[in-house]
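Notes to accompany the following structure.
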Amino acid sequence: MATLTDSRKRELRRELETLVGPGAVLSDPDELLVYESDGLTLFRALADFVVFPTSAEHVSAIVKLAHRERLPFVARGAGTGLSGGCLPAEGGVVISLMRMNRVLEVDYANQIAVVEPGLVNLHLSWNVGPRGYYYAPDPSSQQACTIGGNIANNSGGPHTLKYGVTTNHVLGLQVVMPDGEIVWLGDRTRDAQGYDLAGVFVGSEGTFGIATQIVVRILKKPQAVKTVLAVFDQIDSASAAVSAVIARGLVPAAMEMIDHLTIQAVEDAFNCGYPRDADAALLIELDGLAVGMEAQAERIVEACRDAGARETRTAKSEAERQLLWKGRKSAFGAYGRVSPAYMVMDGVIPRTKLPYVLSRVNEIVAAHGLRVGNVFHAGDGNLHPNILYDPRKPGEEERVVAAGAEIMKVCAAVGGSISGEHGIGLEKADFMPFIFSAADLSLMQRLKSAFNPTGLCNPGKIFPTKKSCVEVGPVAYRPHAIEEKGLAQRF
Numbered sequence: 001m002a003t004l005t006d007s008r009k010r011e012l013r014r015e016l017e018t019l020v021g022p023g024a025v026l027s028d029p030d031e032l033l034v035y036e037s038d039g040l041t042l043f044r045a046l047a048d049f050v051v052f053p054t055s056a057e058h059v060s061a062i063v064k065l066a067h068r069e070r071l072p073f074v075a076r077g078a079g080t081g082l083s084g085g086c087l088p089a090e091g092g093v094v095i096s097l098m099r100m101n102r103v104l105e106v107d108y109a110n111q112i113a114v115v116e117p118g119l120v121n122l123h124l125s126w127n128v129g130p131r132g133y134y135y136a137p138d139p140s141s142q143q144a145c146t147i148g149g150n151i152a153n154n155s156g157g158p159h160t161l162k163y164g165v166t167t168n169h170v171l172g173l174q175v176v177m178p179d180g181e182i183v184w185l186g187d188r189t190r191d192a193q194g195y196d197l198a199g200v201f202v203g204s205e206g207t208f209g210i211a212t213q214i215v216v217r218i219l220k221k222p223q224a225v226k227t228v229l230a231v232f233d234q235i236d237s238a239s240a241a242v243s244a245v246i247a248r249g250l251v252p253a254a255m256e257m258i259d260h261l262t263i264q265a266v267e268d269a270f271n272c273g274y275p276r277d278a279d280a281a282l283l284i285e286l287d288g289l290a291v292g293m294e295a296q297a298e299r300i301v302e303a304c305r306d307a308g309a310r311e312t313r314t315a316k317s318e319a320e321r322q323l324l325w326k327g328r329k330s331a332f333g334a335y336g337r338v339s340p341a342y343m344v345m346d347g348v349i350p351r352t353k354l355p356y357v358l359s360r361v362n363e364i365v366a367a368h369g370l371r372v373g374n375v376f377h378a379g380d381g382n383l384h385p386n387i388l389y390d391p392r393k394p395g396e397e398e399r400v401v402a403a404g405a406e407i408m409k410v411c412a413a414v415g416g417s418i419s420g421e422h423g424i425g426l427e428k429a430d431f432m433p434f435i436f437s438a439a440d441l442s443l444m445q446r447l448k449s450a451f452n453p454t455g456l457c458n459p460g461k462i463f464p465t466k467k468s469c470v471e472v473g474p475v476a477y478r479p480h481a482i483e484e485k486g487l488a489q490r491f
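Mapping the sequence shown onto the working numbering, position 32 (from 1) lands on 32, and the numbers just tick up by one.
Here's what the structure looks like:
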């Protein structure tokens, strides 16, 4: 894309303002800085414009203008993403959807809601809660992240173990295609005919178009909820307890783990009741029918004790339960008490590989002279190692990136994945050959081109650069020797 001259930029700003109204376009450098990164501050990029539409028609008009001018464009929600997915990697237009934040319709009889993409995740549950319903996908950032962003990355959360990820709760989408056409993918039922284009769209990280309305399932609140805290003196024992619970035929709604460093940070920040001297803690939640729940909780406690838990306790009140969950969901923020910065990783592994992979994570980070705090969705093997660092110290950011790449190799090597819910974005684009062949990537590229033939819609994301796109193939699992292959860094 050619660099815009100042005069051309002023002309385009005036044209954008005629589309969306005065006060809905930013182009001054100081204003654009606010939108230069998402939650992963290692990556930064400046747009030429940030535009705030309030309707699908606005979005369509902006996209058509960008298409005409050959300007790259990318949709953005709350900016809580953790892979650089909403950054304007090649400049152009950031389309902020934060003013499109309404609940348009709720059909309680059919248990569906129609929402706009800028709606904060938790606000949907607040909206339908008085009638006894809620929206199940619950990313840890659900107090700030938007449903549109959840759509882009197919976000999960603590309750993924039982309820699945975002795609399991999306029925249909109104989408502005990369040429500005407005279409519907999917429908208001699970039985829509034809190709599952809604399923293809969810998780496409904004490279297939921009969702402007979303039809989602809402669920009845469970009759009862019971939350168990299990405390361990060894993280390997906590990892073994995860597999032990599932092996007994129990499927909790959530099974979360935090390690010693994270416990210290959480207790310093919130005093949630986690034992400070523990090496690890499991937070296990059951929900559903009240009948039989006490017996299920007893079986979970028994499994944890058999695996080596030194202590188990069940929340005796809703206030105690919420405090335990505050410790888990606020863990990322609590790291600010022990480090000026951190990079949160997002990988997936088989549950049975938890002890091995966690030990490798700690070894890798220590070898780079850094520290790590682990907090993750243990039940479905979605790891979130948080590598702590000080960006003011020369060379630390580079060591963080290198350690992160090694951790992703380990996840791939044990039969896992390089992302569970944060997406590929900019961060992991060059890691894609760890788990996909050249033929796999070529097929994905062709699918992207079918939706986005000009490549203007969120360019530079997901796919490896030419420098790194060498055939490395899926990495085989070798428990004591993981082959190290070169990784080109783009930033």
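The beta-carbon is built from N, C-alpha and C at its ideal position, and this holds for glycine as well.
- Look at Leu171 here: in three-state DSSP terms it is strand.
- In this structure, DSSP gives Phe270 a helical state, which the three-state scheme calls helix.
- Residue environment analysis places Asp191 among the exposed positions, since fewer than 16 neighbouring C-beta atoms fall within 10 angstroms of its C-beta.
- Ranking Leu229, Thr41, Lys221 by CA distance to the CA of Pro130 puts Lys221 first.
- Assignment of beta-bridge partners to Met257 by DSSP yields Leu282, Phe376.
- A straight line joining the alpha-carbon of Lys226 with that of Gly292 spans about 11 Å.
- DSSP assignment within the stretch 169 to 240 yields the following whole alpha helix (DSSP H) runs of 4 residues or more, N-terminal first: 197 to 201.
- Here the alpha carbon of Ile151 sits roughly 16 Å from the alpha carbon of Lys448.
- The straight-line gap separating the alpha-carbon atoms of Pro72 and Val120 is approximately 26 Å.
- Residue environment: Glu427 is assigned as buried (16 or more neighbouring CB atoms within 10 Å of its CB, all protein chains considered).
- Excluding sequence positions up to five before and after Ala144, its CB lies within less than 7 Å of the CB of Ala78, Thr80, Val120, all in the same chain and listed in chain order.
- Taking a cut-off of 8 Å for Cβ pairs, the stretch 47 to 67 and the stretch 94 to 106 touch, as three or more such pairs fall below it.
- Going by C-alpha positions, Phe201 is about 12 Å away from Val183.
- According to the DSSP assignment, Ala413 belongs to the alpha helix (DSSP H) that extends over 396 to 413.
- As computed with DSSP, Ala113 is found in a beta bridge with Val106, Val216.
- Per DSSP, Leu33 lies in no beta strand (DSSP E) segment and is marked neither H nor E.
- For the pair Met444 and Gly455, the Cα-to-Cα distance works out to about 13 Å.
- Following the DSSP letters along the chain, one finds Glu311 inside the beta strand (DSSP E) bounded by residues 311 to 314.
- Look at Pro139 here: in three-state DSSP terms it is coil, with no helix or strand label.
- Taken through DSSP and simplified to helix, strand or coil, Leu119 comes out as coil.
- Take the alpha-carbon of Tyr356 and the one of Thr160: they are about 23 Å apart.
- In the displayed model, Arg44 falls within coil according to three-state DSSP, outside both helix and strand.
- For Phe451, there is no enclosing beta strand (DSSP E); the enclosing alpha helix (DSSP H) covers residues 438 to 451.
- In this structure, Ala238 keeps its C-beta atom at 9 Å or more from the C-beta atom of Leu286.
- Less than 9 Å divides the Cβ of Leu261 from the Cβ of Arg371.
- Boundaries for Phe431: no beta strand (DSSP E) harbours it, and the DSSP string shows neither H nor E there.
- Judged by DSSP in its simplified three-state form, Met293 adopts helix.
- The DSSP-derived three-state label of Asp346 is coil.
- Here Val228 is not near Ile263, since their CB atoms are 9 Å or more apart.
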